[in-house]
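Protein chains: 2
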Amino acid sequence: MVSRIQAELKQNKPFRSLKDEAAVALLRTAAVLDHALNDALSAHDLTVAQYNALRILRGAGSTGLCGREVGERMIAPVPDVTRMLDRLEAAGLIRRERDTEDRRHVTVRITAAGLRCVEDVTPTLTALERRFMGNLDNDQLTALLSALDAIRSG
Amino acid sequence: MVSRIQAELKQNKPFRSLKDEAAVALLRTAAVLDHALNDALSAHDLTVAQYNALRILRGAGSTGLCGREVGERMIAPVPDVTRMLDRLEAAGLIRRERDTEDRRHVTVRITAAGLRCVEDVTPTLTALERRFMGNLDNDQLTALLSALDAIRSG
DNA sequence: TTGCATTACATGTTATAACAGTTATTATTG
DNA sequence: CAATAATAACTGTTATAACATGTAATGCAA
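Note that the protein sequences, when read in sequence, are chains A and B.
In short: position in the first sequence from 1, add 18, done, that's this note's numbering.
In short: position in the second sequence from 1, add 18, done, that's this note's numbering.
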């Protein structure tokens with residue numbers, strides 16, 4: 019019996035354990051998803067990380083967030099928030115303002131153009147979500163979530 | 019009710035759908051895992067991709083594989099196999115040989131040092147696997163695998 | 001209130017990722 | 001069999017990732 023992930027990676031030998039297989043499948047699935055997302059977003063000159071940051075800032079509203087807080091909320095850690103924000107600012111999608119209370123902080127806010135940008139990519143991402151997650155019923159999604167939670171709590 | 023992933027990313031608003039939440043949790047979990055793996059491997063001067071390539075070549079044995087085949091078997095796609103192999107060759111972990119039958123191909127084989135390197139990191143990775151996957155029972159692993167398969171088949 | 005630690009951000013540097021284009025070799029087609 | 005296409009690997013280039021270090025502002029303790 020050859021598992022799906024085993025065939026996909028053209029492995030001639032079966033996995034040593036179910037844990038091995040699940041870990042590989044997890045990394046593989048995330049890579050596939052990430053690739054599809056980057057593909058879709060690149061048409062709008064965005065990376066997945068940039069889109070993630072825009073979503074975070076949209077959620078923060080007019081209050082904004084400082085750079086560190088943006089970094090903390092990212093799905094995947096970004097080692098250089100400053101320059102990621104530089105690029106978004108250069109594209110006019112965010113704006114930064116030195117905080118007057120604590121002048122170490124820089125408050126970051128999404129611009130109207132940034133909001134429009136997020137709106138623009140939404141249909142594409144909705145289609146992607148339907149494509150990849152569409153085959154899963156609620157029970158599967160719940161089981162997936164609880165398994166992923168258990169892994170991260172390790 | 020605040021979900022685990024929601025709290026982890028400090029999101030004040032719940033996810034729009036379970037599919038959304040599962041997709042984010044998946045990308046997040048893979049990032050956490052990838053980070054832990056890179057951390058562990060960096061002590062041995064290896065990246066996750068390099069370790070993956072070494073495992074692939076170990077599986078191929080003395081027959082070896084050509085560069086393209088290594089690329090096809092990678093968990094995460096690498097856009098520049100040549101230079102990843104350059105680095106492994108410079109470290110003495112693989113060796114390359116121009117194929118005499120089809121001179122376009124270069125056969126890649128793992129060296130004794132490469133095999134030793136894989137052996138050396140094994141205890142560390144076994145510990146990581148226990149840490150992250152240890153909390154999951156067989157049912158959860160099976161459910162996880164089938165959900166991931168369903169996602170990738172989208 | 002002065003010195004030191006901490007925080008937040010910025011900057012410098014190196015290696016790698018990502019993309020495009022090149023070369024050498026083999027396969028295919030008229 | 002010559003011309004063309006296809007394949008595999010290599011190379012060049014730019015932007016970004018990753019890591020370390022630097023700098024300015026604030027908190028805190030003696």
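Quick reminder that beta carbons are idealized off the backbone N, C-alpha and C, glycines included.
Remember, predicted model here, so these are calculated numbers, not experimental data.
Take the Cβ of A:Gly132 as the centre, count every other Cβ of all protein chains shown within 10 Å, and call the residue buried at 16 or more, exposed below. By one-based count along the first sequence, residue 132 of chain A stands at place 114. Buried, since its Cβ has 16 or more Cβ neighbours within 10 Å.
Under DSSP, the beta strand (DSSP E) around B:Val88 begins and ends at which residues? Residue 88 of chain B sits at position 70 when you count from the first residue of the second sequence. Where B:Val88 is concerned, there is no enclosing beta strand (DSSP E), although the alpha helix (DSSP H) it sits in stretches over Gly85 to Arg91.
Can you give me the start and stop residues for the beta strand (DSSP E) that A:Glu115 sits inside? The residue labelled residue 115 of chain A in the question sits at position 97 within the first sequence. Ile112 to Arg116 is the span of the beta strand (DSSP E), which, as asked, contains A:Glu115.
Pull the bridge partners of B:Ile128 from the DSSP assignment, please. Within the second sequence, residue 128 of chain B is the residue found at index 110, counting from 1. DSSP, once it has assigned bridges, lists B:Ile112 as partnering B:Ile128.
Report the neighbours of A:Gln24 on chain B: residues whose CB is nearer than 9 angstroms to its CB, in chain order. Here the question's residue 24 of chain A lines up with position 6 in the first sequence. Going along chain B, no residue has its Cβ under 9 angstroms from A:Gln24, so there is no contact; the nearest lies around 11 angstroms.
Taking a Cβ distance cut-off of 7 angstroms, strictly less, list which residues of the stretch 43-56 of chain A are near chain B, in chain order. Ala43, Leu44, Leu45, Arg46, Thr47, Ala48, Ala49, Val50, Leu51, Asp52 and His53
Using only alpha-carbon positions, find the residue among A:Thr81, A:Leu83 and A:Leu55 that is nearest to A:Ala67. Along the first sequence, read from residue 1 onward, the residue named residue 67 of chain A stands at position 49. Ranking A:Thr81, A:Leu83 and A:Leu55 by Cα distance to A:Ala67 puts A:Leu55 first.
According to DSSP, simplified to helix, strand and coil, what is B:Leu63? The count along the second sequence starts at 1 and reaches residue 63 of chain B at position 45. The sequence given here has Asp at residue 63 of chain B, not Leu. Residue state, collapsed to three classes: coil.
Counting only beta-carbon atoms, is B:Arg170 nearer than 8 angstroms to chain A? Locating residue 170 of chain B in the second sequence gives position 152, where the first residue counts as 1. Answer yes: the Cβ-Cβ gap between B:Arg170 and chain A drops below 8 angstroms somewhere.
Measure from the alpha carbon of A:Arg91 to the alpha carbon of each residue in B:Arg46, B:Ala40 and B:Asp167, then state which is nearest. Taking the first sequence and counting its residues from 1, one reaches residue 91 of chain A at position 73. Checking every option, the nearest Cα to that of A:Arg91 belongs to B:Arg46.
Is A:His123 helix, strand or coil when you go by DSSP? Counted from its first residue, the first sequence places residue 123 of chain A at position 105. Reduced to three states, the DSSP call for A:His123 is coil.
DSSP-derived helix/strand/coil call for A:Met19: For the purposes of this step, residue 19 of chain A is taken as the residue at position 1 of the first sequence. Of the three classes helix, strand and coil, the one that applies to A:Met19 here is coil, per DSSP.
Would you grab the beta carbon distance between B:Thr100 and B:Leu111 for me? Rounded to a whole angstrom, and I think it's under 8 angstroms. For the purposes of this step, residue 100 of chain B is taken as residue 82 along the second sequence, with counting starting at 1. For the purposes of this step, residue 111 of chain B is taken as residue 93 along the second sequence, with counting starting at 1. No, B:Thr100 and B:Leu111 are not in contact; Cβ-Cβ is about 16 angstroms, not under 8 angstroms.
Name the two residues that bound the continuous alpha helix (DSSP H) containing B:Leu163. The sequence position of residue 163 of chain B within the second sequence is 145, counting from 1. First-last of the alpha helix (DSSP H) with B:Leu163: Asn156 to Arg170.
Under the three-state DSSP convention, the category B:Arg134 falls into: To locate residue 134 of chain B, count along the second sequence from 1; it is residue 116. Note: B:Arg134 maps to helix in three-state DSSP.
Using only alpha-carbon positions, find the residue among A:Arg105, A:Leu163 and A:Leu162 that is nearest to A:Arg113. What you label residue 113 of chain A is simply residue 95 of the first sequence in a count that begins at 1. Answer by Cα proximity: A:Arg105.
So is B:Gln68 in contact with chain A if we call contact Cβ pairs under 8 angstroms? Working through the second sequence from its first residue, we reach residue 68 of chain B at position 50. Not an interface residue.
To the nearest angstrom, how far is it from the Cα of A:Lys31 to the Cα of A:Asp38? Mapped onto the first sequence, residue 31 of chain A falls at position 13. Mapped onto the first sequence, residue 38 of chain A falls at position 20. Each residue's Cα considered, the two are about 13 angstroms apart.
Run through chain A and tell me which residues come within less than 8 angstroms of B:Ile112, C-beta to C-beta. Taking the second sequence and counting its residues from 1, the one referred to as residue 112 of chain B is at position 94. Residues of chain A passing the Cβ test: none, with the nearest at roughly 18 angstroms.
Is the separation between the beta-carbon of B:Pro95 and that of A:Ala49 shorter than 8 angstroms? As a first step, residue 95 of chain B must be located in the second sequence, where it is residue number 77. As a first step, residue 49 of chain A must be located in the first sequence, where it is residue number 31. It is a contact, given that the beta carbons lie within the stated cut-off.
Test item: CB-CB of B:Arg121 and B:Ser80 under 8 angstroms: Taking the second sequence and counting its residues from 1, the one referred to as residue 121 of chain B is at position 103. Taking the second sequence and counting its residues from 1, the one referred to as residue 80 of chain B is at position 62. In this structure, B:Ser80 does not lie closer than 8 angstroms to B:Arg121 by Cβ.
Shorter than 8 angstroms from the beta carbon of B:Phe150 to some beta carbon of chain A? Numbered from 1 along the second sequence, position 132 holds the residue referred to as residue 150 of chain B. Answer yes: the Cβ-Cβ gap between B:Phe150 and chain A drops below 8 angstroms somewhere.
Interface residues of chain A around B:Arg91 at Cβ under 9 angstroms? Here residue 91 of chain B refers to the residue found at position 73 of the second sequence. In chain order: Leu27, Lys28 and Gln29.
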